[in-house]
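Each remark here refers to the structure printed beneath this line.
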Amino acid sequence: MKLADHNRVFRPLGAFGLTLAILATIPLLSASEALAAQDDPSLIEVPQMDAERGKDLFAERGCVVCHTVNNVGGDIGPSLDASNIEQSRNPFEFFARMWRGADAMLHLQRADLGYQVDFSGQDLADIYAFVQNSEAQESFTEANLPDHIKEIIDNGPSIPKN
Ligand code: HEC
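Per mature numbering (1 follows the signal peptide of the UniProt record, and there is no 0): the sequence shown = residues -36 to -1, 1 to 126.
This is the structure we're talking about:
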């Protein structure tokens, strides 16, 4: 290949390659910044929690089918009265314990609701606020239960056979 030809072929490629190389470092830099940010616990976001909204979700998403609050609900799982759940101050502990009931929950949801209940982070935060707020729990009554949930409780919920 003559020098002139060589330059014609590789010069533009060289400039292009350099541009690519520069572009490639940008996401790398921001990825390392993101990693540094993850190491800073003060950047963990805890959502605002709304116990009143949590009260509605507790009924509507079916927790109440298996757990009582203020003597309303079923007794397949332990009562979630704020006064008698000692883990309630630690959300991680709370959801770790809830995970142990996952088999029963998923079975019930598929069998009695016909679908698997979906939660956003905000939904879980609000439910968590409700289960540790005795004031919000005192006003929890049968009147808070949507009809389809009341029906499942009245008909006897499906629980997995061991
Ligand atoms: C179909 C029944 C069922 C439904 C519905 C259900 N749970 Fe449970 N849950 C259980 C059972 C059973 C356990 C006990 C599991 C174990 O410890 O073996 C449990 C355990 C828990 C625990 C741990 C309690 C403790 O003191 O250790 C929490 C917290 C919990 N569930 C929260 C919820 C929430 C919140 C919902 C609604 C989103 C929900 N559960 C819906 C059956 C259910």
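Ideal Cβ positions, reconstructed from N, Cα and C, are used throughout, including at glycine.
Given the structure is predicted, the values throughout are model-derived calculations rather than measurements.
Residue i beta carbon near the ligand HEC (any heavy atom closer than 7 Å)
i, result
"residue 40", "yes"
"residue 31", "yes"
"residue 120", "no"
"residue 77", "no"
"residue 93", "no"
"residue 85", "no"
"residue 46", "no"
"residue 72", "yes"
Per-residue burial, residue i [other beta carbons within 10 Å of its own, 16 or more giving buried]
i, result
"residue 120", "exposed"
"residue 85", "exposed"
"residue 92", "buried"
Coarse secondary structure for residue i, derived from DSSP in three states
i, result
"residue 36", "strand"
"residue -17", "Summary for residue -17: the model assigns pLDDT 49, below 50, so the residue's position carries little reliability; its value from the coordinates is reported in the next sentence. Helix."
"residue 92", "helix"
"residue 9", "coil"
"residue 119", "helix"
"residue 4", "coil"
CB-CB length for residue i against residue j, believed under 8 Å
i, j, result
"residue 128", "residue 76", "The structure shown does not extend to residue 128, since the chain spans only -36 to 126, so no value can be given for it."
"residue 72", "residue 29", "6 Å"
"residue 10", "residue 106", "Rounded, the Cβ-Cβ distance is 32 Å, inconsistent with contact."
beta-carbon residue i near the ligand COA non-hydrogen atom, thresh 7 Å
i, result
"residue 26", "What this structure holds is the ligand HEC, not the ligand COA."
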